[in-house]
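Only one structure is covered here, and it is reproduced in the block below.
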Amino acid sequence: HVLAMLRETLHASGGDTALSLSLRVAKDRLGHDIAPGDTSTAEGEAHLQGTLGTIPLNIWLNKYAGPAGGQKGMRIGLRDGRIITLDRAPEGEVVTLQD
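Its first residue numbered 36, the sequence shown is counted upward by one per residue in the numbering used here.
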């Protein structure tokens, strides 16, 4: 889902969407390693590193829906310290830039 959102954003802005990533870390929400090929662990965190087009990426994913569940979106940390936040909600997507 997150990777599709990144590619959609670059595609919409006319950028190169070639994707190359490698997994650095994958742990379940209790901190245990997630084994390669595990398709049953639903919540946890991961660190992916690579490139999207010519943009170097470090992606930290944390999927824990919390007690309310259903939270979706992403935060992109820019090198200059600003953060782009994309939140998906029933009424539509909201994009904000935090200085």
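From the three backbone atoms N, C-alpha and C, an ideal C-beta is built for every residue, glycine too. Values in this document were obtained by computation on a predicted structure and should not be read as measured data.
Between the CA atoms of P125 and L58 - distance to the nearest angstrom: If you take the alpha carbons of L58 and P125, they lie about 32 Å apart.
Report the residue from D68, A47, D115 and I119 whose alpha carbon sits nearest the alpha carbon of E80. Among D68, A47, D115 and I119, the Cα nearest to that of E80 is on D68.
From the DSSP output, in three-state form, read off T44 for me. It is helical.
Could you check what DSSP says for A70 in three-state terms: helix, strand or coil? Here A70 sits in coil by DSSP.
Can you check which of these residues, T131, G108 and G127, is closest to R117 by C-alpha distance? The option with the nearest alpha carbon to R117 is T131.
Pull up the distance between the alpha-carbon of I90 and that of L65, whole angstroms please. Taking the Cα positions, I90 is about 32 Å away from L65.
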